[in-house]
Amino acid sequence: MNGVLEHFCQLLTDANQRVNLVSRKDISNLFEHHIQPSLLWLEWGRVKPGERVLDIGSGGGFPGMVIAIMEPRIDMTLVESIGKKAQFLQSCVDQLHLKNVHVIHDRVEHLSGQYDRVTARAVAPLEQLWLLAEPLLKPGGTLEAMKGDVTGTIIVSKQKHGTIAQ
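Just add 70 to the spot in the sequence shown (first one is 1) and you have my numbering.
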């Protein structure tokens, strides 16, 4: 694991004692339950260098923070409505000196902007998630949502003028 990612895991483990960022039972399996699934977006080419990506409901930083750490050429915006979680994310950005990550403490419904990709993991049902993401996507942009466990992952890509691929 890369050094910055290891540092992030330590920050998360420490903060999780004060703020519920991930399930307490998951903290001992952080890599398998959170890091590895987040890395799949990069491995599968669902997000690419040079893209502007919005991560909805970033919580403890999954998948957005992990993606941004591992691929610094991605311009990542993390949106989190819960103040303590947004503060944790901003603290990580500051301590890890991440120049490619922006944290927004707000509800996604209040955002504007145009993104190449919108990512989400365990946020909302797909139909609702699409309604939140669609106004924020550039023409041809995609929503990349991971639902369920890794083996049951559904990646939904809906182009503004096109079809849904699963």
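All residues carry an ideal CB built from backbone N, CA and C; glycine is no exception.
- Spanning the alpha carbons of Asp176 and Val149 requires a straight line of approximately 6 Å.
- For the pair Arg94 and Pro133, the CB atoms are not nearer than the 9 Å cut-off.
- A check of alpha carbon separations from Ile126 across Pro209, His180 and Gly73 identifies His180 as the nearest.
- Pairing Val123 with Asp145 gives a Cβ-Cβ distance under 9 Å.
- Relative to Leu110, the option among Val136, Asn90 and His167 whose CA is nearest is Val136.
- Around the Cβ of Arg116, a 10 Å sphere holds 16 or more other Cβ atoms; the residue is buried.
- In the DSSP annotation of this structure, the continuous segment of the beta strand (DSSP E) that includes Glu150 starts and ends at Asp145 to Glu150.
- With respect to His104, Val89 sits apart: the two C-beta atoms are not nearer than 9 Å.
- The alpha-carbon of Met140 is positioned some 11 Å away from that of Glu113.
- Collapsing the DSSP output to three states places Ala156 in a helix.
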